[in-house]
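The listed protein sequences correspond, in order, to chains A and B. Residues 121 to 370 (the numbering used here) are what the first sequence spells out, left to right. Residues 121 to 370 (the numbering used here) are what the second sequence spells out, left to right. Ideal Cβ positions, reconstructed from N, Cα and C, are used throughout, including at glycine. The structure appears right after this line, and notes come after that.
Protein chains: 2
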Amino acid sequence: MARRQRPAREEPGTGQQGGQQGGRRRPKAKPGSRRGSRAPVSAAVTASGRKVDAETRREAILDAALAVFAEHGYEAARLDDMAARAGVAKGTLYLYFKDKEALFEALVRGAVSPIMGRLGEAAAAPGMTVASVLELFFAMFQKEVLGTRRKLVLRLVISEGPRFPALAEFYYREVVSQGLKMMRNVARHGVATGELSSEALARFPQLIVAPLLLATIWDGLFSKIDPLDVPGLLRAHRELLLGFSARSAP
Amino acid sequence: MARRQRPAREEPGTGQQGGQQGGRRRPKAKPGSRRGSRAPVSAAVTASGRKVDAETRREAILDAALAVFAEHGYEAARLDDMAARAGVAKGTLYLYFKDKEALFEALVRGAVSPIMGRLGEAAAAPGMTVASVLELFFAMFQKEVLGTRRKLVLRLVISEGPRFPALAEFYYREVVSQGLKMMRNVARHGVATGELSSEALARFPQLIVAPLLLATIWDGLFSKIDPLDVPGLLRAHRELLLGFSARSAP
DNA sequence: GTTATATGACTGACTGGTCAGTCAGTCATC
DNA sequence: GATGACTGACTGACCAGTCAGTCATATAAC
């Protein structure tokens with residue numbers, strides 16, 4: 121009877137193995153034998169004397185959770201896996217997050233916030249041309265999203281968003297609408313200065329980011345079959361947006 | 121003890137209710153009391169005399185499966201739901217498909233094939249300009265994908281593809297690589313005739329389809345918050361691709 | 001310095017609801 | 001009477017969430 125056989129799983133306990141501080145084991149302790157089979161996140165002792173401070177542990181859990189959610193999707197992600205990866209017991213997850221959903225949302229929220237601010241400054245700098253903003257924006261996306269595990273978060277939002285309306289709304293509010301507003305302002309500026317010959321981008325700033333989305337999805341689906349030359353793609357994209365030959369380098 | 125509480129479910133038996141052909145019910149038939157609580161897909165009797173022919177039933181199952189997979193994602197989709205929607209018992213699903221995964225793959229394969237052929241003819245017609253091919257291609261995508269449940273299939277591929285390498289490869293082979301090849305040929309043609317002033321599209325035909333992808337994802341995530349004017353988006357996109365003012369109408 | 005007690009972070013076996021897949025049984029049709 | 005499409009109760013793996021129990025550390029008392 122073939123049963124809910126899941127795709128390949130990592131073996132448990134793949135976290136950082138290490139300084140098991142030899143708590144004596146009794147032959148058959150009923151429940152909870154401390155440090156039973158798991159390594160602490162770090163052997164370093166914090167200033168307060170605790171083995172690992174709460175923030176570090178929280179990060180470790182979020183880190184592990186991202187890996188597992190990204191690999192299996194929300195529903196198929198097992199909390200046991202996350203716990204094992206984070207080097208804690210499952211119960212510990214519940215000391216830090218109310219439930220699976222809260223953990224998932226915390227993950228997305230945490231990955232999003234730090235980026236948007238920096239983008240804002242860049243786009244608002246005076247004397248910026250459209251070409252230079254696009255250059256900067258695309259470089260930033262490659263470095264901070266495609267080049268990091270944040271791309272996994274973006275993919276999770278795309279995949280799981282339809283089933284988490286609250287998440288989609290949060291993402292729209294914090295990322296999409298803000299990003300589009302910036303891009304729209306840049307485009308309007310470009311039209312005003314004559315750098316852009318069409319109002320298309322001012323009306324649909326989505327056209328600026330569409331290839332970034334494509335690159336993210338391609339990376340997840342086809343990169344093994346046919347890797348995408350993302351820098352080349354984005355250069356070509358800038359070329360089209362700016363209406364031919366815009367081969368500027370910073 | 122809060123347990124795997126799933127998101128809102130449709131009540132079972134939402135399929136086409138109808139002609140229960142009054143098979144007599146015994147008070148407590150042990151197993152399988154035929155036509156227990158479910159409506160047949162159709163009351164029409166086929167030429168061969170069977171209540172419903174195999175192909176029709178297969179379609180009904182695929183139809184129901186698409187709805188359930190699309191709503192809940194692969195893992196969270198319940199075969200019981202699909203069966204209820206299709207108006208059959210769960211066991212019947214296994215007469216038509218080996219298992220959940222085979223059903224999922226059949227779904228995607230079935231939705232994909234009919235489209236590609238037509239696109240091919242359109243792009244190969246002699247005397248076609250880039251502008252007219254794009255016009256046609258975008259219209260076709262709006263009508264045949266965004267306008268139908270095929271968009272759900274596309275979204276499923278995007279969402280579940282990373283966990284189904286075989287599916288991603290199939291989709292790449294049958295759709296992506298073929299579509300890009302066509303687009304690349306069209307772009308090369310455009311460069312040769314002078315209709316396109318840049319080789320960007322010939323190098324990265326992905327740039328042509330990126331906004332279609334964006335539209336599909338937007339529709340799934342944000343359409344309730346901020347609906348996207350897809351025809352406008354694609355008009356603006358054509359404008360940019362063709363290097364300004366391309367406001368043609370068919 | 002040593003021992004006793006308190007604290008709370010952490011553990012992991014366990015519970016109970018869930019659901020993919022099975023198969024003995026039913027019945028319309030041949 | 002035989003065939004085979006169809007049924008649906010059932011099995012057993014599965015896993016989110018719980019909580020009684022453990023122990024490192026801190027603090028107090030001697």
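| Helix, strand or coil at residue 248 (chain B) [DSSP, three-state] | coil
| said: Using a Cβ-Cβ distance cut-off of 8 Å, determine whether residue 357 (chain B) contacts chain A. | reply: yes
| Any C-beta of chain A under 8 Å from that of residue 330 (chain B) | yes
| message | Under DSSP, the alpha helix (DSSP H) around residue 340 (chain B) begins and ends at which residues? | response | 326 to 341
| query | Which runs of the alpha helix (DSSP H) fall wholly inside the segment 159 to 224 of chain B and span at least 4 residues, in chain order? | reply | 174 to 192, 199 to 206 and 210 to 216
| request: Check the Cβ-Cβ distances between residue 353 (chain B) and every residue of chain A, and say whether any is below 8 Å. | output: yes
| query | Between the segment 252 to 263 of chain A and the segment 187 to 203 of chain A, are three or more C-beta pairs nearer than 8 Å? | reply | no
| Of the choices B:357, B:172 and B:337, whose alpha-carbon is the least far from that of residue 451 (chain A)? | This structure cannot settle anything about residue 451 (chain A), because the visible part of chain A is limited to 121 through 370.
| said: Can you pull out the residues from the segment 210 to 234 of chain A whose beta carbon lies closer than 7 Å to at least one beta carbon of chain B? | reply: none
| As assigned by DSSP and simplified to three states, the class of residue 268 (chain A) | coil
| request: In the DSSP assignment, find the unbroken alpha helix (DSSP H) run with residue 291 (chain A) in it and report its ends. | output: 285 to 291
| Residue-chain proximity (residue 368 (chain A), chain B), Cβ-Cβ < 8 Å | Residue confidence is low: residue 368 (chain A) scores 41 on pLDDT, short of 50, so the model does not pin down where it sits. Its coordinate-derived value is still stated next. So no, residue 368 (chain A) is outside the interface.
| Quick one: Cα of residue 224 (chain B) to Cα of residue 266 (chain B), how far? | 20 Å
| Can you find a C-beta in chain A that's less than 8 Å from the C-beta of residue 323 (chain B)? | yes
| Hey, how far is the Cα of residue 256 (chain A) from the Cα of residue 192 (chain A)? | 33 Å
| query | First and last residue of the alpha helix (DSSP H) that includes residue 298 (chain A)? | reply | 297 to 313
| request: Kindly say whether residue 246 (chain B), judged by its beta-carbon, lies nearer than 8 Å to any beta-carbon of chain A. | output: no
| task | Can you have a look at residue 355 (chain A) and say buried or exposed, based on whether 16 or more other CB atoms are within 10 angstroms of its CB? | result | buried
| request: Specify, as a first and last residue, the run of the alpha helix (DSSP H) that residue 359 (chain B) falls within. | output: 350 to 361
| request: Leaving out five residues on either side along the sequence, give the residues of the same chain with a beta carbon under 8 Å from the beta carbon of residue 348 (chain B). | output: 335, 338, 339 and 342
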